[in-house]
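Participant: Numbering (our numbering), first residue to last: 6 to 698.
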Amino acid sequence: MFVPANQLPFTSAFDSLDLTNATDPDSPGSDYRHDENGRLLSIRYPDDSQHVFVWHGPAQLVEETLPDGGQRRFTYDALGRQVSRQDEHGAITRYRWDADGRLIQTTLANGASREFSYDADGRITAERDEIGHVTRYEYTADCQLISRRIHPDGTQLRYRYDTAQRLLTAIENESGEQYRLEYTSSGLIRQETGFDNRRTAYRHDPNGLLLEKTEFGDSGVDLITRYQRNPAGQVLVKTLPDGNTVDYRYDDLGRVVCIDDGQAHSLELEYDRQGCLISERQGRGTLRYGYDACGQLNHLRLPDNSQIDYRHAQGGALMAIDLNGARLTTHAFVFGREQQRQQGQLSSQYHYDEQGRLQAHAINQPARPLYMRHYCYTVNGNLASIADSRHGQRSYYYDARNRLVRVRHTRGDPAQHFVHDPADNLLMQDRQGPATFKGNRLLMHGDSHYDYDAFGNLIRERRGIGQKIVTEYHYDCQHRLIGITLPDGRSASYRYDALGRRIGKTVDGNTTEFFWQGDHLVAECSRHHYRSYLYEPGSFRPLALLDGKGPYQACAFYFQLDHLGTPQELTSCAGEIIWSARYDAFGKITHLSLAGVDRFDQPLRFQGQYFDAESGLHYSRHRYYSPDTGRYLTPGPRNLEGGLNPYRYAPNPTGWIDPSGVASRPWPAEKGRRNLRVKSTDVGATARSAANP
């Protein structure tokens, strides 16, 4: 009997209690073993690696052996509460509980502890961090919900709720401004009004899926986006405020196969029988993907037909990367942490502290050391200093809310000072004169004045005597920057695909095209050059730059990064530094060194950022970032989901990243467990999320 490709069976064998074996048509399968009580004992993966679990009593996991051989151990008290956790590197975290079973203290491997206090109703009332800073919480009398959060510096956030549905209706920020939310009878957000009084309304179908979004502008000029869906709830047509449409097409299994905005080339996706993305066609470029038996990405073909092969050890750790059949890099991991790397003639050694943070990076040429960097951290986790054999030492200082306030250098660079208002708006202290904020919008700082449209987008910067030096910013109906007019009259324009990724820019008549691998910029092409970018698997940390088009032209250069993944040097296969940069705390280059006759330059900055020389801005997938102000030009696309201050880059630029311009996060998010099992489900996630707003 013929079985259509979209109906191929996924078979499972069951014992009397639970799933024991899973097999798909193109994979040997993973074997799951359970005991008589239904507890998972082991998973055997197609590469013969195992994930093993050892239990005590009915539900206490006491030992876990990971697929790469690392072991974690857990201990419990007589009441079954976990009192310690030892990770695969031997670091032990301890937990202390009160008589009512509430966690009152967490002690890290370095001895630093965090403490928690509760009221009679079991609600947390205070959190004391590792250096004694206390954050306090108060609650409503009727709803038992948080009504006030008091920061260590005394500033506070207030929360209000309705009494019927116990839903959050207002947030008052540290500056006394309010964010208001209104709901439907079913608890969906009907309207939200920002701290700057921007108003957005939503209309949903009976299943709670978004049908219409209205952004209210000035003088009745509103932006309305509508969504037409199929019976499964998937978006078929997205109608933009300017009347243009984005069309989505799916296969019989509900996977998006085409997204077409009618403006640029459509995005076309192809999958194998397991649902793994195997082809992504965008404009004139196509990316192709291959996977191993574990579903892990092991082959990538770039738009110029260069081939990347990822070699993995049993258990999933990256061992090597090959470019067009030749070795590009080799890697040595120990339980998820990279210990050594070979890049051309250069070798790197990495050392970590007990929390998995980078502590030292040494890089050596064949006959001599090239440089060494040491990183130190405060007891509560902030970067305290970098000792750099090339550039000297930098020391970092923070306020009670862990915001960076000063950077001190030892080799002649002036110290940097920063001031933050209560609502986390940043002021660079190198500018003379007052600063004004309203609704988190920066209106004036020194001699610079800033104007915004009704939707919070920066449209004009005026500076100099009489504010006659003017830069103008132009946006489309989706708040994407489409043009800049510079003070000297020159201009730049920008184009985007149906996913909102920048696919082209034109400056002084010269056009550059961009190609993407999900949210990662993977290649750029202009009349003068073709470049491809490779990243450490599973991250936005750049690994290598390939200069030249095609397998026979591409010449590899290697990125040397700091603890955050920001490029510090670019090195050749021979081990020579051809590009080197020093930055201020918020990512602006203060010293740039280009070596060689060609004076080779590269545009990558903070993780996920691309430097535009024409404007000085950093393009960051969904938004543009200004390192001059440490802020984004436009509010975050996800409103409160991106944080209370929609223009802020990150709470702390020395320990946080925001690769996509949507929401910042601390780095590393999972300390030391990078590069294991970059699954097929991670590839193509950008298109899937765009089809399901």
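Think of the CB as a built atom: it goes at the ideal place given N, C-alpha and C, for glycine as much as any other residue.
Excluding the five sequence neighbours on either side, which residues of its own chain have a C-beta within less than 6 Å of the C-beta of R286, listed in chain order?
Facilitator: Here residue 286 is taken as the residue at index 281 of the sequence shown, counted from 1. Taken in chain order, the residues that qualify are E273.
Participant: Using a Cβ-Cβ cut-off of 8 Å (strictly less than) and excluding sequence neighbours within five positions of Q55, which residues of its own chain qualify?
Facilitator: Residue 55 sits at position 50 when you count from the first residue of the sequence shown. Only S47, I48, R49, T70, P72 meet the Cβ criterion.
Participant: Should the region 289 to 302 be regarded as contacting the region 262 to 281, the criterion being three or more beta carbon pairs within less than 8 Å?
Facilitator: Counting Cβ pairs under 8 Å, three or more are found: they touch.
Participant: What first and last residue would you give for the beta strand (DSSP E) that runs through S353?
Facilitator: Position 348 of the sequence shown, counted from the start, is the residue given in the question as residue 353. S353 -> beta strand (DSSP E) spans 351 to 357.
Participant: Compute the Euclidean distance between the alpha carbons of G677 and P427, then round it to the nearest angstrom.
Facilitator: If you number the sequence shown from 1, residue 677 lands on position 672. If you number the sequence shown from 1, residue 427 lands on position 422. Unreliable placement is indicated for G677, whose pLDDT of 43 sits below 50; the coordinate value is still reported in the next sentence. Cα to Cα, the separation comes out at about 34 Å.
Participant: Which of the three DSSP states is assigned to G509 in this structure?
Facilitator: Taking the first residue of the sequence shown as 1, we reach residue 509 at position 504. It is a strand residue.
Participant: Which residue's Cα is closest to the Cα of N202: R628, Q301, I176, Y164?
Facilitator: Walking along the sequence shown from the start, residue 202 turns up at place 197. For N202, the nearest C-alpha among the options comes from I176.
Participant: If distances are taken between C-alpha atoms only, which option among P374, R636, D524, R77 comes closest to N445?
Facilitator: If you number the sequence shown from 1, residue 445 lands on position 440. The candidate whose alpha carbon is nearest that of N445 is R636.
Participant: Between L2 and A83, is the Cβ-Cβ spacing less than 8 Å?
Facilitator: Residue 2 is absent from the model: the chain starts at 6 and stops at 698.
Participant: Would the beta-carbon of T441 fall within 8 Å of that of L448?
Facilitator: By 1-based counting over the sequence shown, the position of residue 441 is 436. By 1-based counting over the sequence shown, the position of residue 448 is 443. A contact, by the Cβ cut-off of 8 Å.
Participant: DSSP state of E529, grouped into three classes?
Facilitator: Taking the first residue of the sequence shown as position 1, residue 529 is located at position 524. Of the three classes helix, strand and coil, the one that applies to E529 here is strand, per DSSP.
Participant: How would you label A169, buried or exposed, when you count the other beta carbons within 10 angstroms and need 16 or more for buried?
Facilitator: As a first step, residue 169 is located in the sequence shown; it is residue number 164 there, counting from the start. With fewer than 16 other Cβ atoms within 10 Å, it is exposed.
Participant: For the beta strand (DSSP E) holding R587, just list the boundary residues, first then last.
Facilitator: The residue you call residue 587 lines up with position 582 of the sequence shown. First-last of the beta strand (DSSP E) with R587: 582 to 588.
Participant: How about P374 and A367: do their beta carbons lie closer than 8 Å?
Facilitator: Locating residue 374 in the sequence shown gives position 369, where the first residue counts as 1. Locating residue 367 in the sequence shown gives position 362, where the first residue counts as 1. Result yes, Cβ atoms of P374 and A367 sit closer than 8 Å.
Participant: For A690, does the count of other Cβ atoms within 10 angstroms reach 16, so buried, or fall short, so exposed?
Facilitator: Here residue 690 refers to the residue found at position 685 when the sequence shown is read from its first residue. Classification for A690: exposed.
Participant: Threshold first: 3 residues or longer. Then list the beta strand (DSSP E) segments lying entirely within the region 465 to 522, N to C.
Facilitator: Correct list: 474 to 480, 486 to 490, 496 to 501, 507 to 512, 515 to 522.
Participant: Pull up the DSSP beta-bridge partners for S89, would you.
Facilitator: Within the sequence shown, numbered from 1, the residue matching residue 89 stands at position 84. Bridge partners of S89: T80, R99.
Participant: Quick one: what's H304 bridged to in DSSP?
Facilitator: For the purposes of this step, residue 304 is taken as the residue at position 299 of the sequence shown. G295, D314, per the DSSP bridge assignment.
Participant: Quick one: Cα of P640 to Cα of A590, how far?
Facilitator: Position 635 of the sequence shown, counted from the first residue, corresponds to residue 640. Position 585 of the sequence shown, counted from the first residue, corresponds to residue 590. Cα-Cα distance, rounded: 22 Å.
Participant: Is E182 helix, strand or coil by DSSP?
Facilitator: Here residue 182 is taken as the residue at index 177 of the sequence shown, counted from 1. Note: E182 maps to coil in three-state DSSP.
Participant: Can you check whether the CB of F519 is closer than 8 Å to the CB of G509?
Facilitator: To locate residue 509, count along the sequence shown from 1; it is residue 504. To locate residue 519, count along the sequence shown from 1; it is residue 514. Contact flag set, yes.
Participant: Using only the heavy atoms of the ligand HEM, determine whether one of them is closer than 7 Å to the beta carbon of G461.
Facilitator: Among the components of this structure there are no ligands whatsoever, and the ligand HEM is therefore not found.
Participant: Mind checking which residues open and close the alpha helix (DSSP H) that includes A690?
Facilitator: Position 685 of the sequence shown, counting from 1, holds the residue named residue 690. Note, A690: alpha helix (DSSP H), 690 to 695.
Participant: Taking buried to mean at least 16 other C-beta atoms within 10 Å of its own C-beta, is V412 buried or exposed?
Facilitator: Position 407 of the sequence shown, counted from the first residue, corresponds to residue 412. By the 10 Å Cβ count, V412 comes out buried.
Participant: Note down, one range per segment and in chain order, each beta strand (DSSP E) of at least 3 residues found wholly within the region 554 to 581.
Facilitator: Listed in chain order, they are 560 to 566, 572 to 576.
Participant: Sort R395, S531, Q483, R485 by Cα distance to H414 and report the nearest one.
Facilitator: As a position in the sequence shown, residue 414 is number 409, starting the count at 1. Of the listed residues, the one whose Cα sits closest to H414 is R395.
Participant: How about I299 and D52: do their beta carbons lie closer than 8 Å?
Facilitator: Against the sequence shown, residue 299 aligns to sequence position 294. Against the sequence shown, residue 52 aligns to sequence position 47. It should be noted that the sequence gives Cys, not Ile, for residue 299. A contact, by the Cβ cut-off of 8 Å.
Participant: Check whether the Cβ atoms of G555 and D309 sit closer than 8 Å, and answer yes or no.
Facilitator: Working through the sequence shown from its first residue, we reach residue 555 at position 550. Working through the sequence shown from its first residue, we reach residue 309 at position 304. Taking 8 Å as the Cβ cut-off, G555 and D309 qualify as a contacting pair.
Participant: Give the straight-line distance between the Cα atoms of V475 and E619, rounded to the nearest whole angstrom.
Facilitator: Numbered from its first residue, the sequence shown carries residue 475 at position 470. Numbered from its first residue, the sequence shown carries residue 619 at position 614. Going by the C-alpha atoms only, they are around 14 Å apart.
Participant: G290 by DSSP, collapsed to three states: which one?
Facilitator: Here residue 290 corresponds to residue number 285 of the sequence shown, with the count starting at 1. If DSSP states are grouped into helix, strand and coil, G290 belongs with the strands.
Participant: Hey, N430 and N657 are a contact pair by Cβ (cut 8 Å); roughly how many whole angstroms apart?
Facilitator: Position 425 of the sequence shown, counted from the start, is the residue given in the question as residue 430. Position 652 of the sequence shown, counted from the start, is the residue given in the question as residue 657. That pair is no contact at about 15 Å.
Participant: Keeping to the same chain, check which residues put their C-beta closer than 6 Å to that of F611; ignore five residues upstream and five downstream.
Facilitator: Here residue 611 refers to the residue found at position 606 when the sequence shown is read from its first residue. The answer, listed in chain order, is T571, G592.
Participant: So, are the CB atoms of E217 and D227 less than 8 Å apart?
Facilitator: Here residue 217 is taken as the residue at index 212 of the sequence shown, counted from 1. Here residue 227 is taken as the residue at index 222 of the sequence shown, counted from 1. No; because the gap between Cβ atoms is not below 8 Å, this pair is not in contact.
Participant: F564 and L550: beta carbons closer than 8 Å?
Facilitator: Stepping through the sequence shown from its first residue, residue 564 is reached at position 559. Stepping through the sequence shown from its first residue, residue 550 is reached at position 545. Their beta carbons are under 8 Å apart, which means F564 touches L550 by this criterion.
Participant: Where do the N-terminal and C-terminal ends of the beta strand (DSSP E) with G341 fall, by residue?
Facilitator: If you number the sequence shown from 1, residue 341 lands on position 336. Counting along the chain, G341 falls outside any beta strand (DSSP E), and DSSP gives it neither H nor E.
Participant: On the DSSP bridge assignment, give the partners of L150 in chain order.
Facilitator: Residue mapping note: residue 150 aligns to position 145 of the sequence shown, counting from 1. Beta-bridge pairing links L150 to no other residue.
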